[in-house]
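**Student:**
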Amino acid sequence: MDEFSLIARLFAPLAAGAPGALGLTDDAALIEGPAGRQWAVTADALVAGVHFFADDPPDLIARKLIRVNLSDLAAMGAKPCGAFLCACFPRDTGTAWLDRFATGLKSDCEEFGIALMGGDTVATPGPLTLALTAFGDVPAGQALLRSNARSGHDIWVSGTIGDAALGLRGLTGEGPADPHLIDRYRLPQPRIALGLALHGLAQAAMDVSDGLVGDLGHICRASGVGAVLRADLVPLSQPAAAAQDLALVLTGGDD
């Protein structure tokens with residue numbers, strides 16, 4: 000059973016009484032806030048050996064954790080406000096590693112104008128596991144929902160597609176270790192300013208974390224529409240174009 004089938008079968012029914020949960024089908028939940036605003040709330044977890052390499056620089060791990068969450072808020076057109084961190088650190092984690100991890104958190108909290116509001120830390124015999132809950136605010140009724148796509152809408156992407164998947168392939172030794180591609184894998188760029196600018200221009204959006212084809216499919220299913228994707232019009236970086244692996248570019252995640 001894949002992730003989305005699991006959510007739909009076991010967890011979505013638990014959200015039935017909360018309209019703002021959006022059936023657990025979108026990038027974040029929407030909670031009514033004061034003065035015509037809504038809170039957009041999202042959570043993402045990263046696990047060593049699954050979402051990053053255990054020997055990755057700790058500051059980059061921390062920054063990736065923040066950015067994958069803020070990317071969800073950007074996809075909703077929300078302005079990030081703060082975050083809660085739950086960290087399960089291996090018992091042998093040293094002070095120097097933790098210091099570098101905290102430095103990475105501080106760097107991106109300052110860059111994106113958010114505060115760490117709370118959370119929990121646990122020592123674990125298992126792998127490093129990190130979960131962040133991030134929240135931001137959006138004008139009521141103006142969130143960019145996956146379910147808002149309509150027949151005739153154009154499909155746009157920001158940045159270039161496929162870099163992160165190719166970067167991961169380089170880190171595993173299955174392809175060239177291009178620094179640009181590796182940086183795109185380790186440090187995704189949340190399009191916060193773009194998300195805010197899209198109010199009044201776009202209706203539906205999501206971040207490309209599961210691959211362009213897969214995530215476009217999520218929008219289509221949520222909106223009850225189909226899509227035609229012109230692969231020759233998908234923007235590629237020079238290293239991605241040189242890789243000549245269109246299938247990976249269009250289906251790889253973490254962009």
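Heads up: the sequence shown begins at 0 in numbering that gives the first Met the number 0, then just goes up one per residue.
Backbone N, C-alpha and C define an ideal beta-carbon position, used for all residues, glycine too.
By Cβ distance below 7 Å, which residues in the same chain neighbour LEU69 in space, the five residues on each side in sequence not counted?
**Tutor:** The count along the sequence shown starts at 1 and reaches residue 69 at position 70. Excluding sequence neighbours, LEU69 sits near PRO79, PHE111, ALA133, PRO189, ILE191.
**Student:** Taking its Cβ as the centre, do 16 or more other Cβ atoms sit within 10 Å of VAL121, making it buried, or is it exposed?
**Tutor:** Here residue 121 corresponds to residue number 122 of the sequence shown, with the count starting at 1. Under this definition VAL121 is an exposed residue.
**Student:** According to DSSP, simplified to helix, strand and coil, what is THR120?
**Tutor:** Translated into the one-based positions of the sequence shown, residue 120 becomes position 121. Correct three-state label for THR120: strand.
**Student:** Alpha helix (DSSP H) containing ASP43: first to last residue?
**Tutor:** For this step, residue 43 is matched to residue 44 along the sequence shown. That residue, ASP43, is in no alpha helix (DSSP H); its beta strand (DSSP E) goes 36-46.
**Student:** Alpha carbon to alpha carbon, how far is VAL224 from ALA39?
**Tutor:** The sequence position of residue 224 within the sequence shown is 225, counting from 1. The sequence position of residue 39 within the sequence shown is 40, counting from 1. For VAL224 and ALA39, the distance between alpha carbons rounds to 25 Å.
**Student:** Entirely within the stretch 0-85 and at least 3 residues each: give me those beta strand (DSSP E) ranges in chain order.
**Tutor:** 28-31, 36-46, all fully within the stretch 0-85.
**Student:** Ordered along the chain, which non-local residues of its own chain (more than five positions away) have a Cβ less than 6 Å from that of ALA164?
**Tutor:** Translated into the one-based positions of the sequence shown, residue 164 becomes position 165. The residues are LEU247, GLY251.
**Student:** Under 7 Å Cβ to Cβ from LEU197, same chain only, skipping five residues before and after it: list those, please.
**Tutor:** Counting from one through the sequence shown, the residue named residue 197 turns up at place 198. Cβ neighbours of LEU197 beyond the five flanking positions: GLY76, LEU143, ALA204.
**Student:** Report the partner residues of ASP136 according to the DSSP bridge assignment.
**Tutor:** Indexing the sequence shown from 1 puts residue 136 at position 137. Paired residue(s): TRP38, LYS78.
**Student:** Would you kindly report the start and end of the unbroken alpha helix (DSSP H) that includes ARG145?
**Tutor:** Along the sequence shown, read from residue 1 onward, the residue named residue 145 stands at position 146. Per DSSP, ARG145 belongs to no alpha helix (DSSP H) and is neither H nor E.
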